[in-house]
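A quick write-up on the structure given underneath.
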Amino acid sequence: MLKIDNLHVKLEEEDKQILKGVTLEVPAGEVHAIMGPNGSGKSTLSYVLSGRDGYEVTEGSAMLGDIDLLELEPEERAAAGMFLAFQYPVEIPGVGNMTFLRTAVNAQRKARGQEEMSAADFLKFVRAKAKDLKIDADMLKRPVNVGFSGGEKKRNEILQMAMLEPKMCILDETDSGLDVDAMKLVSDGVNALRDENRGFLVITHYQRLLDHIVPDVVHIMAGGRIVKSGGPELALEVEKNGYADLMETA
Amino acid sequence: MAIAKEKLLARRRDALSARLETLTLPEGGAWITEARKTALARLETMGLPTGRDEYWRFTKPESLNAAEPEPAAVFDHGEETPVFDAVERTRIVFVDGVFDAAQSDDLSVDGIEIERLEDAARADIHWAKDIYGAIETRGQTPVERPHAALNTAFATDGVLIRVTGKAEKPVSLIYQHKNETSDAFLHNVVRVEAGGELTLLENGPAAARFNKVLEVDIAAGGRLHHIRAQGRDHERRAVTGMFVRQDEDSLFKSFTLTVNGRLTRNEIYVDLEGPNASAHVAGAALGHGDFHHDDTVFIRHDAENCESRQVFKKVLQEGAIGTFQGKILVERGAQKTDGYQKSQSLLLDDGANFLAKPELEIYADDVACSHGSTSGAIDKDMLFYLRARGIDEKTAMDLLVIAFVAEAMEEVEDERFREELVERLEGWLLRRRG
Numbered sequence: 012m013l014k015i016d017n018l019h020v021k022l023e024e025e026d027k028q029i030l031k032g033v034t035l036e037v038p039a040g041e042v043h044a045i046m047g048p049n050g051s052g053k054s055t056l057s058y059v060l061s062g063r064d065g066y067e068v069t070e071g072s073a074m075l076g077d078i079d080l081l082e083l084e085p086e087e088r089a090a091a092g093m094f095l096a097f098q099y100p101v102e103i104p105g106v107g108n109m110t111f112l113r114t115a116v117n118a119q120r121k122a123r124g125q126e127e128m129s130a131a132d133f134l135k136f137v138r139a140k141a142k143d144l145k146i147d148a149d150m151l152k153r154p155v156n157v158g159f160s161g162g163e164k165k166r167n168e169i170l171q172m173a174m175l176e177p178k179m180c181i182l183d184e185t186d187s188g189l190d191v192d193a194m195k196l197v198s199d200g201v202n203a204l205r206d207e208n209r210g211f212l213v214i215t216h217y218q219r220l221l222d223h224i225v226p227d228v229v230h231i232m233a234g235g236r237i238v239k240s241g242g243p244e245l246a247l248e249v250e251k252n253g254y255a256d257l258m259e260t261a
Numbered sequence: 050m051a052i053a054k055e056k057l058l059a060r061r062r063d064a065l066s067a068r069l070e071t072l073t074l075p076e077g078g079a080w081i082t083e084a085r086k087t088a089l090a091r092l093e094t095m096g097l098p099t100g101r102d103e104y105w106r107f108t109k110p111e112s113l114n115a116a117e118p119e120p121a122a123v124f125d126h127g128e129e130t131p132v133f134d135a136v137e138r139t140r141i142v143f144v145d146g147v148f149d150a151a152q153s154d155d156l157s158v159d160g161i162e163i164e165r166l167e168d169a170a171r172a173d174i175h176w177a178k179d180i181y182g183a184i185e186t187r188g189q190t191p192v193e194r195p196h197a198a199l200n201t202a203f204a205t206d207g208v209l210i211r212v213t214g215k216a217e218k219p220v221s222l223i224y225q226h227k228n229e230t231s232d233a234f235l236h237n238v239v240r241v242e243a244g245g246e247l248t249l250l251e252n253g254p255a256a257a258r259f260n261k262v263l264e265v266d267i268a269a270g271g272r273l274h275h276i277r278a279q280g281r282d283h284e285r286r287a288v289t290g291m292f293v294r295q296d297e298d299s300l301f302k303s304f305t306l307t308v309n310g311r312l313t314r315n316e317i318y319v320d321l322e323g324p325n326a327s328a329h330v331a332g333a334a335l336g337h338g339d340f341h342h343d344d345t346v347f348i349r350h351d352a353e354n355c356e357s358r359q360v361f362k363k364v365l366q367e368g369a370i371g372t373f374q375g376k377i378l379v380e381r382g383a384q385k386t387d388g389y390q391k392s393q394s395l396l397l398d399d400g401a402n403f404l405a406k407p408e409l410e411i412y413a414d415d416v417a418c419s420h421g422s423t424s425g426a427i428d429k430d431m432l433f434y435l436r437a438r439g440i441d442e443k444t445a446m447d448l449l450v451i452a453f454v455a456e457a458m459e460e461v462e463d464e465r466f467r468e469e470l471v472e473r474l475e476g477w478l479l480r481r482r483g
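Take a look at the structure:
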């Protein structure tokens, strides 16, 4: 599904190398977790894969199936099936959440050659998905993420994911700022989307999210590289001993 | 200094005499003849503005002063219906500044009296006598607005509206532009009697060059909702003056949407004379290329407990210029004043220009006033967030443009009109992309 090979990335504006040869493959149907200390390049990886400005790929590749992601605009990547759940979902005053969701769903449908959804069908669709995530009508009416609590913002991210039905989901520290109940709600939302045709890359600092979203593979990232990969037990090891040990043995 | 002042005044008078060459004071009944003569006398002491005048530094007055207007092509709307078309309303149509009875509805409406200025002007005595030119005169201090005095002196058409109850449906003034060289004056007066309520709609470019004055007098507890769309003709020019006087507990809400137009200067003067009155004036102006839009607003708080709100948004690109001059004046006795002023521009490229002059002048000690003026580009994080969800860059930009002007549009209380204006704006943005 997602195949990253020897990816090197520097900041566009300054001569600072962030990713120094990331190689990673997430097959369809699997959940991979990336853990790592601050500044290891986890968020950069998620931004580069989704097409944010400000980065320059100096070497390597990132493919989604047989599509070269790095060649595409952010919206084309989204239409191809990439989805990034933001660590800090952006507040957009003046744009209603509902308008935003409908525009996004229809833009992707259009890009894939499907018919746009009617207002009535869309309403049914969004209500059903919102209900599962305990997102009420008021949150749908309000401007995108404006005045949302941390938990509400993250639930709104998962709602978008559920509606856009991407092939490859990247969750960038989706657990940050969540209390136990919210974490459970968000995790349930993610788990409901797990299926054999969809891949997940879950970026997190903490093992606790992985109790709820159980990964198939855990990668440890440090210094712009994947330094170790293993099963879920690797996350427990990190939780117990920290990153320092692992980085020494790597 | 005195010499410089004399020189400036001489220039202003020269500009006026050049303008007056093509104008003759219209005839009418006693009351209006008096008002016109007084206006001309006032005008002669002021002259017409020059680029040296303090409130004309951002906007060149020459094309508004000139004896003849520059021609302006008539915009072809194609299949598109005019704004507010689907709304049940009393239509009053002017073509290039001249009343068109054939296109207008019957002017007898329950709860309101509507009269053409021409008819009222023939009467010996008229209720509008104390308003016509009087609120405009009040609005000449402390800043002179010569084009409005010119209008009071020379306008022959327009409507006088007296609202005695709650109007059942909006009154809609439609300004069609059909002649490429038309030069139009219109002078409208609205008197909202105690407890009366009206929605006044205005739309259309009106003429190649349009000079319009709207005088509004709202008695205690009266309410006027004003919604205006200034037409899409690219080459038109307009100078408009809205002069409002409000008694206690009255409400005035005004929103103007401007897209296109080579030059638009919208002046607003509001006098809050009675306690607990509320005035909200807002505008959204969007343009590119040869587009110059000027909002010059003056709100005078002269009674306790009044609230005023100014929200002006401009979206500019490809050399377009937006200007905002806004002032809140709080007089000595106007305690508990709540004054708010916000003017913002969104510059879509490096060529666009926004000039702002926000002012507060406060003589009371127990007031809450704020003003803020900003200009900036599209927020990159917002743009990326939208694009990451599959929304293409242009659509995402348009969404953010609509979002940017939303705060001004919120001043349109009636959802029907607000939604229609948003739809129109979406359509306009879509067409602009080509």
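Going down the list, the sequences are from chains A and B. All residue numbers for the first sequence refer to our numbering, where the first residue is 12 and numbers rise by one. All residue numbers for the second sequence refer to our numbering, where the first residue is 50 and numbers rise by one. Built from N, CA and C at the ideal position, the CB exists for glycine as well.
Query                                                                                                                                       : Result
Among B:V330, B:V461 and B:F433, the one whose alpha carbon lies nearest that of B:L448                                                     : B:F433
Status (buried if at least 16 other CB within 10 Å, exposed otherwise) for B:K429                                                           : exposed
Same chain only: Cβ atoms within 7 angstroms of B:V461, ignoring 5 sequence neighbours per side                                             : I276, F304, R467 and L470
C-beta neighbour in chain A for B:I440, strict 7 angstroms                                                                                  : yes
Option nearest B:R101 by Cα separation, candidates B:M446, B:D155, B:F301 and B:L57                                                         : B:L57
Inter-stretch contact (C-beta, 8 angstroms, three-pair minimum) for the stretch 255 to 263 of chain B and the stretch 286 to 294 of chain B : yes
Segment limits, beta strand (DSSP E) that includes B:S303                                                                                   : L300 to V308
The stretch 232 to 242 of chain A touching the stretch 18 to 36 of chain A, judged by at least three CB pairs closer than 8 angstroms       : yes
Where B:G425 falls: helix, strand or coil (DSSP)                                                                                            : strand
Contact list for A:S61 against chain B, beta-carbon separation under 7 angstroms                                                            : A437
Expected contact under 8 angstroms - CB spacing of B:H236 and B:P254 to nearest Å                                                           : Contact doesn't hold; Cβ gap of about 18 angstroms is too wide.
B:Y389 - partner residues in DSSP beta bridges                                                                                              : B:R358 and B:S419
Beta carbon proximity, B:M431 to chain A, threshold 7 angstroms                                                                             : yes
CA-to-CA distance, A:F97 to A:L83, given in whole angstroms                                                                                 : 19 angstroms
B:Y412: contacting residues in chain A (beta-carbon distance under 9 angstroms)                                                             : Simply none; closest approach about 35 angstroms.
Closest by C-alpha distance to B:A130, when choosing among B:R481, B:G476, B:R482 and B:E185                                                : In the sequence under discussion, the amino acid at residue 130 of chain B is Thr, which differs from the Ala named in the question. Out of B:R481, B:G476, B:R482 and B:E185, B:G476 has the C-alpha closest to the C-alpha of B:T130.
6 angstroms CB neighbourhood of B:T230 in its chain, flanking five on each side removed                                                     : P120 and A257
Helix, strand or coil at B:V123 [DSSP, three-state]                                                                                         : coil
Contacts around A:G200, its chain only, beta-carbon distance under 6 angstroms, and the 5 residues preceding and following it disregarded   : L144 and I169
In chain order, each alpha helix (DSSP H) run of at least 4 residues that lies wholly inside the stretch 160 to 221 of chain B              : 166 to 171, 183 to 187 and 195 to 203
Any chain B beta carbon closer than 7 angstroms to A:Q98                                                                                    : no
Nonlocal neighbours in the same chain, by C-beta distance under 8 angstroms from A:E67, ignoring five residues either side                  : V20, K21, L22 and E23
Contact check, A:G210 vs A:M12, beta carbons under 7 angstroms                                                                              : yes
Whole-Å CB distance - B:A352 paired with B:A383, under 8 angstroms assumed                                                                  : 6 angstroms
Euclidean distance between Cα positions of B:E167 and B:G78                                                                                 : 10 angstroms
Beta-carbon proximity of B:G338 to B:G375, cut-off 7 angstroms                                                                              : no
Beta-carbon contacts of A:I29 that lie in its chain and below 7 angstroms, excluding the five residues immediately before and after         : V20, K21, L22, G52, T55 and G235
C-beta contact flag for B:E456 and B:V360 at 7 angstroms                                                                                    : yes
Cβ-Cβ distance between B:T213 and B:G182 below 7 angstroms                                                                                  : no
Buried/exposed call for A:K165, threshold 16 Cβ in 10 Å                                                                                     : buried
Which of helix, strand or coil DSSP assigns to A:K31                                                                                        : strand
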